[in-house]
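Colleague: Residue numbers (the UniProt record's numbering): 1 to 247.
Cβ atoms here follow ideal geometry from the backbone N, Cα and C, with glycine treated the same way.
Computed from a prediction, not measured in an experiment: that's the story for all the values here.
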């Protein structure tokens, strides 16, 4: 069985359409979605409509949670834009999502950040001056403790990465469908930059003998159109990230 793993679409409907077309073209029917679906200055409503029209197992990310729990004046600018673009049926869909899922029949555990938090990086860590690097093995193992699944899925950092734990379980981040670079100020100011504007997702092949193959897919799409929408919506920082993969 092949399962497509998507995450961190961030309202980028053109990127999502390209990824879904690639998945459909491969005859793959099973998709899991790791959150942060809509928050972005591109096309949140159309992104929501695309997701709601499909049978995709989805969970809630930190930006999805913010859209549901904060008042607009307490939101960051990107979430305020997104909140204004959505209607009640979109918010009802977000409200229906849980923060984690355990798909025992497929051997998958889904979370956005870590099993305990949608804000904590799992496979990456930061230096005190904001340099992003792969987290050390002990920290990755510690955050996986007690999760009974052979395949652990996370998003949040937008960086495609696969780590094999000492007991043979794997932790997979498929990368970001719609946001190839961003800047954040927590816990320290830092930039995450993939260096490419391509949309990222992953394929998991679960074999009857217990083997699991993983393929990362980096999909070319009309990122210029997404960048133009971000620019028109007053976000030149997003436009540069979408155009280049750099901040």
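Nearest by alpha-carbon distance to residue 178: which of 22, 47, 24 is it?
Modeller: For the purposes of this step, residue 178 is taken as residue 178 along the chain shown, with counting starting at 1. Out of 22, 47, 24, 47 has the C-alpha closest to the C-alpha of residue 178.
Colleague: What does the alpha-carbon distance come out to for the pair residue 203 and residue 181?
Modeller: Counting from 1 along the chain shown, the entry for residue 203 is found at position 203. Counting from 1 along the chain shown, the entry for residue 181 is found at position 181. Rounded to whole angstroms, residue 203 to residue 181 spans 22 angstroms at the Cα level.
Colleague: For the pair the region 120-129 and the region 88-95, tell me if three or more CB-CB distances fall below 8 angstroms.
Modeller: The answer is no - the region 88-95 does not touch the region 120-129, with fewer than three Cβ pairs under 8 angstroms.
Colleague: Do the region 96-104 and the region 133-142 meet, that is, are 3 or more Cβ pairs less than 8 angstroms apart?
Modeller: Taking 8 angstroms as the limit for Cβ pairs, the verdict is that the region 133-142 does not touch the region 96-104.
Colleague: Should the region 151-170 be called in touch with the region 108-124, which here means at least 3 C-beta pairs below 8 angstroms?
Modeller: The answer is yes - the region 108-124 touches the region 151-170, with three or more Cβ pairs under 8 angstroms.
Colleague: Please classify residue 185: is it buried, with 16 or more other beta-carbons within 10 angstroms of its beta-carbon, or exposed?
Modeller: For the purposes of this step, residue 185 is identified with residue 185 of the chain shown, where counting begins at 1. Burial call: exposed.
Colleague: In chain order, what residues of the same chain lie with their CB nearer than 7 angstroms to the CB of residue 227, ignoring the 5 residues before and after it?
Modeller: The residue labelled residue 227 in the question sits at position 227 within the chain shown. Once the five neighbours on either side are set aside, the close Cβ partners of residue 227 are 239, 242, 243.
Colleague: Let me know if residue 26 comes out buried or exposed under the rule of 16 or more other beta-carbons within 10 Å of its beta-carbon.
Modeller: Taking the first residue of the chain shown as position 1, residue 26 is located at position 26. Residue 26 is exposed by the Cβ-count criterion.
Colleague: Pull up the distance between the alpha-carbon of residue 189 and that of residue 169, whole angstroms please.
Modeller: Within the chain shown, residue 189 is the residue found at index 189, counting from 1. Within the chain shown, residue 169 is the residue found at index 169, counting from 1. Distance between the alpha carbons of residue 189 and residue 169: 32 angstroms.
Colleague: What are the start and end residues of the alpha helix (DSSP H) that includes residue 159?
Modeller: Start at 1 with the first residue of the chain shown, and residue 159 comes out as number 159. It is not in any alpha helix (DSSP H) - residue 159 carries neither H nor E in the DSSP assignment.
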